[in-house]
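Counted the way this note's numbering counts, the sequence shown spans residues 1101 to 1558. Please read the structure below before turning to the comments.
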Amino acid sequence: MKLWILTEERPKRPVIERIISRFGEDRELKVDISQVRIIPMIREHRFSFAYKVLGISVESIEEILLKIVSGESSFVDFLVFMQENEPDRNSVPLYAIEETKTSDAESRNTGVFQRSSKFVFVNFYYPTCKKIMLYNIQIEDDNEPTKTNIFGTRMLMTIGVEILGKDLDTSIFKPFDSIDELVDFKNSMRRAPAGNVQIQIRRSGSRIEVSGRLYKSGSLSHDPNIGALSIIGKTLRVLGWEGEIIVTQHGLSQEHLSSGNKFIRIANQLNMGLAGLALPGSSLPREYWHYETSSEKVATIFLHLALEELPGVEVIYENHAGCERGYFKTMTGDPIAIHKYINNKKSNGVLRIPDSIVCDNRKKHILILEGKTVDRMSEGISELADYDNLESEYIQKYYGTYSVSRHVVLFGGIRGISHRSVTFVLTSNGGMMISEYTPDAIREAINNVLCSNNAGSD
């Protein structure tokens, strides 16, 4: 039997270790862990688009394999399957796991609410699998949890989500017992600043109204409130509410509503409405996920994991397409968040960031890597000129003695490298290309993968 881990994210060794350890605990299987590695699997000198997890052995599990996928809509970070063959859309996972590095100290909404809709959505497809919110905190959390964190966490627990990676005070963090308890707790929370729409719950007869703004930047796209209102609706249904649930003060007009929006899909499934508007009919996508075969992150994640195998080389920042932003790691190993704007002032414009930043400590050299699909190569090459502010505000500040170069990483169908700025290509059939201009760290990483004879699987 094999253990399959499907993920949208760049798999992190500590997170994979925690997931597999939890699997062993739940099934009372012996788990031995040494040095965890995530190795690209090579077949006939081509990447097979699968990775093998080494350094962990689990009783009765032959192999632990990992593949990159994408969701058709709202997708959790990891699905875990135990079966012999590669999972397909008919396979049912053991676990649906959402991982976050965001602490209560950094963002009350992002750490809980923004991710809550993922658990509501996945439950439509896999109601029987175990759901876990996994906290992989890297920056110290507040000593005292905020009311927002408590409210969101208690709702997650009420709908059956387990919290992993945090020590919770069970006298505070516990499922809600009733609708009245949920309503009273939410409405007792601190009022929002003037001008903001407070999320409040009002119960009147057979109708519950929940206020919350959903309009943002010209569309239905207010992610924290989408998460908050989705899980409030789901929690009310779990607690037995059968009447109307209407979202008020949402700020939307009828033209903002489309059947493909994730909140519209969730609202249809939970029988929620929007005050003053006709909710469009919407069905769920037929499939919850698909194997990723078109995104640049297939190449940038591959290169990231290959580089991790080299002593003296580390990826000090990551922002792979569709994945959670990482922290920038300083020379002393401290993680810091890269701010969104130049000199942290909104009026100065957005600070452009690449897919990854690599530090070759052996050569005291920093590589800025921008990922693109082959058809967007020219766009990627042009964007290399946009990282002056990133260099001055972060790289020069924390790695002042290191040299810096900027490169493009491509994924897709191509016969060869035609521009010196392109440092690596992962082709659609798993071929790996470098050129005479490829930096030593990347050249060594690819050679290491190719020389590992099926990436250590034999």
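C-beta: ideal position from N, C-alpha, C; glycine also. It should be emphasised that the depicted structure is a prediction, and the values quoted were computed from it without experimental measurement.
Under the DSSP definition of a beta bridge, Lys1429 partners with Pro1435. Listed as beta-bridge partners of Ala1196 by DSSP are Leu1179, Lys1231. In the displayed model, Met1101 falls within coil according to three-state DSSP, outside both helix and strand. In the DSSP assignment, Glu1544 falls outside any beta strand (DSSP E) and lies within the alpha helix (DSSP H) extending over 1540-1551. Within the stretch 1409-1489, the runs of beta strand (DSSP E) that reach at least 3 residues and sit entirely inside it are, in chain order, 1413-1418, 1456-1460, 1465-1473. Beta-bridge partners assigned by DSSP to Thr1348: Ser1311.
If you look at Arg1302, you'll find it isn't in any alpha helix (DSSP H); it sits in the beta strand (DSSP E) that goes 1301-1304. In the DSSP assignment, Asp1132 falls within the beta strand (DSSP E) that extends over 1131-1143.
Taking a 10 Å sphere around the C-beta of Arg1110, we find 16 or more other C-beta atoms and assign the residue as buried.
Comparing C-alpha distances from Phe1213 to each of Met1182, Pro1324, Asn1444, Tyr1441 shows the shortest one belongs to Pro1324. One thing to note: Leu1256 has its Cβ no nearer than 9 Å to the Cβ of Phe1221.
For His1390, DSSP records a beta bridge to Ser1170. When C-alpha distances from Gly1512 are compared across Thr1393, Arg1122, Pro1114, the shortest belongs to Thr1393.
From the listed residues Gly1449, Lys1463, Tyr1502, Ser1518, the smallest Cα separation to Asp1486 is found for Gly1449.
Under DSSP, Gly1373 shares a beta bridge with Ile1346. In this chain, the alpha helix (DSSP H) harbouring Ala1406 covers 1397-1407. Under the DSSP assignment, Ser1330 falls outside any beta strand (DSSP E), being part of the alpha helix (DSSP H) whose first and last residues are 1323-1338. Met1533 sits in a strand when the DSSP states are folded into three classes. By the Cβ rule, the stretch 1487-1503 counts as touching the stretch 1460-1470, because three or more pairs are nearer than 8 Å.
With contact defined as three or more Cβ pairs closer than 8 Å, the stretch 1393-1413 and the stretch 1376-1383 are not in contact. The C-alpha of Lys1497 is placed about 25 Å away from the C-alpha of Ser1521. Membership of Ser1217 in the alpha helix (DSSP H) is indicated by the continuous run 1214-1225.
The three-state secondary structure of Gly1265, taken from DSSP, is coil.
In the three-state reduction of the DSSP assignment, Glu1128 falls in the coil class, being assigned neither a helical nor a strand state. For Asp1177, same chain residues with a beta-carbon under 7 Å away, outside a window of 5 residues either side, are Thr1107, Glu1108, Glu1109, Ile1197, Glu1198, Glu1199 in chain order.
Setting aside the 5 residues that flank it on each side, Ser1382 is surrounded in the same chain by Ser1359, Ile1364, Arg1365, Asn1368, each with a C-beta closer than 6 Å to its C-beta; the list follows chain order.
Cys1423 sits buried, since 16 or more C-beta atoms from the chains shown fall within 10 Å of its C-beta.
The secondary-structure analysis by DSSP pairs Ile1495 with nothing; it has no beta-bridge partner. Closest option to Val1153, judged by alpha-carbon separation, among Lys1130, Gly1530, Leu1103: Leu1103. In the three-state DSSP reduction, Thr1527 falls in the coil class, being neither helix nor strand. Per the C-alpha coordinates, the member of Ser1121, Ile1139, Pro1140 positioned closest to Val1131 is Ser1121. For the 9 Å CB-CB criterion, Ile1250 and Phe1224 do not form a contact. For Ile1514, the closest of Glu1144, Glu1281, Met1477, Thr1270 by C-alpha to C-alpha distance is Met1477. The stretch 1276-1287 makes contact with the stretch 1300-1315; the number of CB pairs closer than 8 Å reaches 3 or more.
If you check the CB distance, Leu1405 and Ile1164 do not come in under 9 Å. Scanning Arg1127, Asp1188, Leu1336, Val1310 for the CA closest to the CA of Glu1159 turns up Arg1127.
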